[in-house]
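Oh and the sequence shown: position 298 is 298 in the UniProt record's numbering, straight run, nothing missing.
Okay, structure first, notes after.
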Amino acid sequence: MTVSEGWQRLEPKLNAIRTRLSALEYEPDRRHSFLPFTHEQDSPYVDFEGSRYLMMSGYSYLGLAGDPRVKAAAKAAVDQYGTGAHGVRALAGSLPLHEELETAVARTMGREAAMVFGSGYAANVGTVGALVGPGDTVLIDKLDHASIVDGCQLSGATVTRFRHNDPEHLDRRLADAKGTGLKLVIVDSVYSMDGDVAPLPELRAVCDAHGALLMVDEAHALGVIGATGRGIEEHFGGRALVDVKLGTLSKAVPATGGWVAGPQALIDHLRFNARPFLFSAALAPAQAGAALETLRILDAEPHRVTHIQRESARLRETLNKAGIDTGTSETAVIPIIAGSDEKAYDLATACRKAGVIGLPVVSPAVPNTQARLRIAVTARHSAQDLDVAAAGFLEAAHAVDLIPSLP
Ligand code: PMP
1 MTVSEGWQRL
11 EPKLNAIRTR
21 LSALEYEPDR
31 RHSFLPFTHE
41 QDSPYVDFEG
51 SRYLMMSGYS
61 YLGLAGDPRV
71 KAAAKAAVDQ
81 YGTGAHGVRA
91 LAGSLPLHEE
101 LETAVARTMG
111 REAAMVFGSG
121 YAANVGTVGA
131 LVGPGDTVLI
141 DKLDHASIVD
151 GCQLSGATVT
161 RFRHNDPEHL
171 DRRLADAKGT
181 GLKLVIVDSV
191 YSMDGDVAPL
201 PELRAVCDAH
211 GALLMVDEAH
221 ALGVIGATGR
231 GIEEHFGGRA
241 LVDVKLGTLS
251 KAVPATGGWV
261 AGPQALIDHL
271 RFNARPFLFS
281 AALAPAQAGA
291 ALETLRILDA
301 EPHRVTHIQR
311 ESARLRETLN
321 KAGIDTGTSE
331 TAVIPIIAGS
341 DEKAYDLATA
351 CRKAGVIGLP
361 VVSPAVPNTQ
371 ARLRIAVTAR
381 HSAQDLDVAA
391 AGFLEAAHAV
401 DLIPSLP
């Protein structure tokens, strides 16, 4: 085969996404992916093509993305350590700052030890791959994040899915699991597209009954649930219910990176066996510095967490009262269910016209009938900002006939 024949073979694949996007995003107004927003510093507003919008689809839950203290910590880390981390951690890439950050993560998550990865995605793929392999069984919730799914597939373990947030179904799946290998159950604490919370005490009881380990991805829980934002164990009363805890440094913590926390022996094992840790460069100093400062702020300013919890409940209530379906959300992540991919795009366009950014999530990420805007409340949104957002969502929902009338 010649190189040009190779390109010809690729053509149908390349065209498929173009055709799909041009069907959904056929006018500039209906383009919603990859838009280059300029985020105003220390504000929930963004600038896009000369206009100003209230951003309601960001992930910076604690509202610290433009915080002067976090920026100063990132700059100080660059001044002290430079821009890169000199390669992989096992060779020249370990900095005192990484160790300080790992100590802080372990303390924040109430565990003996922790380690940080280049991303949350790498943390999941690396951890699952280092814990299970052929002969073992991993049981994952149907809505677990893609990085968990990818880690399972790469691991070579038998992968079984159970119905979303359904401990009884997990129980049956565990009973069916064959062999003497390790059984590992993995769930998200807070589901990223629905904003519902895993029923942790029930899942723990099922795992105990079958001798299975329980791993939890706290990506959307750190800084968001639990009285002081410590995540799902604190949300359910503070008992240690999880064997392996994992999360990102890219959401409530406004940096990039991922982390795993657990017993020292687990972390020692992962340091020598998690491939995305062993074979990929260490977290850059600016990221580690920003993350460390954020954990300090999380300790010192618990009102940020209270604000997120109170205001997301209030926004959800306003939307529900007006007839908007927010699914099973009980956290800062609030879906506005539109009912079809086209409707979700129309709704996002109408929101933008109303001055609010609510980005669409469509199939295959969610079933077409469940296409939605995925919005999130952060500590940077004041109560007034959220009133503006609610008015924008209602106006947009009315404009696309999602709700019959405005309240
Ligand atoms: N886990 C969950 C539940 C996530 O939502 C995400 C990111 N969307 C990740 C892991 C991956 O994190 P990161 O973006 O830091 O790679």
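Every residue gets a Cβ at the ideal spot worked out from N, C-alpha and C, and that includes glycine.
Bear in mind the structure is a predicted one, so any value in this text is a computation, not a measurement.
| Item | Value |
| --- | --- |
| Between the CA atoms of R173 and P134 - distance to the nearest angstrom | 18 Å |
| Where S189 falls: helix, strand or coil (DSSP) | coil |
| Sub-8 Å separation of G229 and P302 beta-carbons | yes |
| Presumed contact (8 Å Cβ cut-off) between P360 and L373, rounded CB distance | 6 Å |
| Euclidean distance between Cα positions of V216 and S4 | 46 Å |
| Distance cut-off 7 Å: S33 Cβ against heavy atoms of the ligand PMP | no |
| Span separating the alpha-carbon of L131 from that of V244 | 10 Å |
| G129 burial status per 10 Å Cβ neighbour count (16 or more: buried) | buried |
| Three-state secondary structure (DSSP) of H86 | coil |
| CA-to-CA distance, R380 to P36, given in whole angstroms | 20 Å |
| Bounding residues of the alpha helix (DSSP H) (the contiguous stretch that carries D176) | 167–176 |
| Beta-carbon contacts of Y45 that lie in its chain and below 7 Å, excluding the five residues immediately before and after | R52, Y53, L54, M55 |
| CB contact flag (A261, H145, <8 Å) | no |
| Outcome for N15 when other beta-carbon atoms lying within 10 angstroms are tallied against a minimum of 16 | exposed |
| Minimum length 4: unbroken alpha helix (DSSP H) runs contained in the segment 194–229 | 200–210 |
| Residue(s) in a DSSP beta bridge with V400 | For V400, which the question treats as bridged, DSSP gives no partner whatsoever. |
| CB of Q287 within 8 Å of CB of L241, strictly | no |
| Reference L62; option with closest CA among W7, T306, L184 | T306 |
| G151: first and last residue of the uninterrupted alpha helix (DSSP H) it sits in | 146–155 |
| Cβ-based neighbour list, H86, same chain, cut-off 7 Å, excluding 5 preceding and 5 following | A92, G93 |
| Near the ligand PMP: H145 beta-carbon under 7 Å from a heavy atom | yes |
| Contacts around E157, its chain only, beta-carbon distance under 7 Å, and the 5 residues preceding and following it disregarded | Per the sequence shown, residue 157 should be read as Ala rather than Glu. Correct list, in chain order: V132, G133, P134, D136, T137, V138. |
| Buried versus exposed call for R9 [16 or more other C-beta atoms within 10 Å across all chains shown] | exposed |
| Three-way DSSP call (helix, strand, coil) for T306 in this model | helix |
| Three-state secondary structure (DSSP) of H39 | strand |
| S57 Cβ short of 7 Å to the ligand PMP heavy atom set | no |
| Option in A123, D42, F162, C152 with minimal Cα separation from K142 | F162 |
| CA-to-CA distance, P96 to R352, given in whole angstroms | 45 Å |
| Cα-Cα separation, L319 to L182 | 44 Å |
| Identity of the residues DSSP links to P360 by a beta bridge | L373 |
| Assigned exposure category for K321 - 16 Cβ within 10 Å defines buried | exposed |
| Residue of C207, G126, A332 minimising C-alpha distance to A175 | C207 |
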